[in-house]
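Peer 1: In our numbering, the protein residues as written are 1 to 120.
First, the structure itself, so that you have it in front of you.
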């Protein structure tokens with residue numbers, strides 16, 4: 001998978017701590033799903049798999065976010081995501097309280113399974 005220069009530009013504009021946190025997300029998604037393609041979608045770094053949206057992530061004023069999370073994912077992993085702020089479809093984290101590696105990998109693999117089963 002090649003790196004999208006637009007994602008490099010997006011990350012470069014963030015505060016250093018967010019840049020580091022989101023670069024980790026970027027690297028982990030690329031490692032977990034090497035066939036995924038980087039892009040910018042809705043102004044955020046994103047990955048597509050076989051032409052379909054996989055995940056996106058972003059830095060905001062008070063937090064970082066990763067999208068999308070299905071209701072099922074959030075319900076079945078309620079204990080693992082406790083302590084992280086959430087909105088419908090997103091999970092918020094900060095550079096000082098990043099997503100644990102196993103949770104991030106679980107999230108990405110769940111998204112791949114969603115796509116493989118015909119989900120959105």
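Beta carbons are placed, not taken as given, at the ideal position from N, Cα and C, and that holds for glycine.
1. Just curious, the beta strand (DSSP E) that residue 45 is in, first and last residue?
2. Have a look at residue 90 and residue 73 and give me their C-alpha separation to the nearest angstrom.
3. Is it true that the segment 25-40 meets the segment 70-85, where meeting means three or more beta-carbon pairs spaced less than 8 angstroms apart?
4. Report all residues from its chain with a CB closer than 6 angstroms to the CB of residue 14; omit the five preceding and five following residues, and keep chain order.
5. Need the endpoints of the beta strand (DSSP E) that residue 93 sits in, please.
6. With a CB to CB cut of under 7 angstroms and the five nearest residues on each side skipped, what residues in its chain are close to residue 36?
7. Exposed or buried, which one is residue 100 when buried takes at least 16 other CB atoms within 10 Å?
8. Indicate the three-state DSSP secondary structure (helix, strand or coil) for residue 62 in the structure shown.
Peer 2: This is what the structure holds:
1. First-last of the beta strand (DSSP E) with residue 45: 44-49.
2. 11 angstroms
3. no
4. 59
5. 90-93
6. 1, 29, 30, 47, 48, 49, 54
7. exposed
8. Residue state, collapsed to three classes: coil.
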